[in-house]
Amino acid sequence: MAFEDSEEEQIKKRLIERLLSSGAKVEQQGVITLNSDNFHEFISSHGNVVVDCWAEWCYPCRVVSPIVEELARQYSGKISFAKLNVDENPDIAAEFGIMGIPTLLVFKNGQLVDSIVGALPKKLLEQRILEALGGVMQ
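Position 92 of the sequence shown, counting from 1, maps to 90 under our numbering, and the rest follow consecutively.
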């Protein structure tokens, strides 16, 4: 017997299709690549969001990236993780006052609740994210 998707699942599928059609890419690790065209829609349509703001030339960003991918797998379904290249999207970087990278922007219900600057160990990043989001359960 086949089960129909719940209304919530159908809405999520439509949203993902819309994001993909606007240029978002879903990385293998479940991290979505954002740009200026889809950034605001993404953060406003997901409850808990962490955006990794990075640049290609940034070595500390390369250190944080696998940690973000690991957290995306670990908190799949509870926290949505995304990446934003600040060199390609300077308007978003300016809007949020990003002066140093890597910066993780943490959103809850579309509102910025924390900004984490620098390459921190996984345990500290996870702690800061969970504190900012009110202790999302694993």
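Glycine included, every Cβ here is placed at the ideal spot set by N, Cα and C. These figures come from a predicted structure and were not determined experimentally.
Taking a contact to mean a Cβ-Cβ separation below 9 Å, would you say residue i touches residue j in this structure?
i, j, result
"E48", "V66", "The sequence given here has Val at residue 48, not Glu. Against a cut-off of 9 Å, the Cβ pair of V66 and V48 comes out as a contact."
"G108", "S42", "yes"
"K120", "E68", "yes"
For residue i, which residues of its own chain have a beta-carbon under 7 Å away from its beta-carbon, when the five flanking residues on both sides are left out?
i, result
"A0", "Because the pLDDT of A0 is 43, which lies under 50, any placement of that residue in the model is unreliable, and the number read from its coordinates should be weighed accordingly. If we look at A0 and ignore the five residues flanking it on each side, it has no Cβ neighbours."
"A70", "Q27, G28, V29, F79"
"A117", "P58, V61, V62, P100"
So, with DSSP's three-state summary, where would you put residue i?
i, result
"I114", "strand"
"F40", "helix"
"I30", "strand"
"A80", "strand"
Using a 10 Å radius around the Cβ and a threshold of 16 neighbouring Cβ atoms, would you call residue i buried or exposed?
i, result
"L32", "buried"
"W55", "exposed"
"A141", "Nothing about residue 141 can be read from this structure; the chain reaches only from -1 to 136."
"D89", "exposed"
"K76", "exposed"
"D50", "buried"
"H38", "exposed"
Could you please give the first and the last residue of the uninterrupted alpha helix (DSSP H) stretch that includes residue i?
i, result
"K121", "120 to 130"
"C59", "57 to 72"
"D89", "88 to 93"
Apart from the five residues on each side of it in sequence, which residues of its chain come closer than 6 Å, Cβ to Cβ, to residue i?
i, result
"A130", "V104, V111, D112"
"E25", "Note that E25 scores a pLDDT of 45, beneath 50, so its modelled location is shaky and nothing firm can be said."
Output needed for residue i: all residues of its chain with C-beta closer than 8 Å, excluding positions within five of it in sequence on either side, in chain order.
i, result
"G98", "V115, G116"
Which first and last residues belong to the beta strand (DSSP E) in which residue i is found?
i, result
"N46", "46 to 52"
Is residue i close to the ligand ZN? I mean its beta-carbon at under 8 Å from any heavy atom of the ligand.
i, result
"P88", "With respect to small molecules bound, the structure shown includes none, and the ligand ZN cannot be examined in it."
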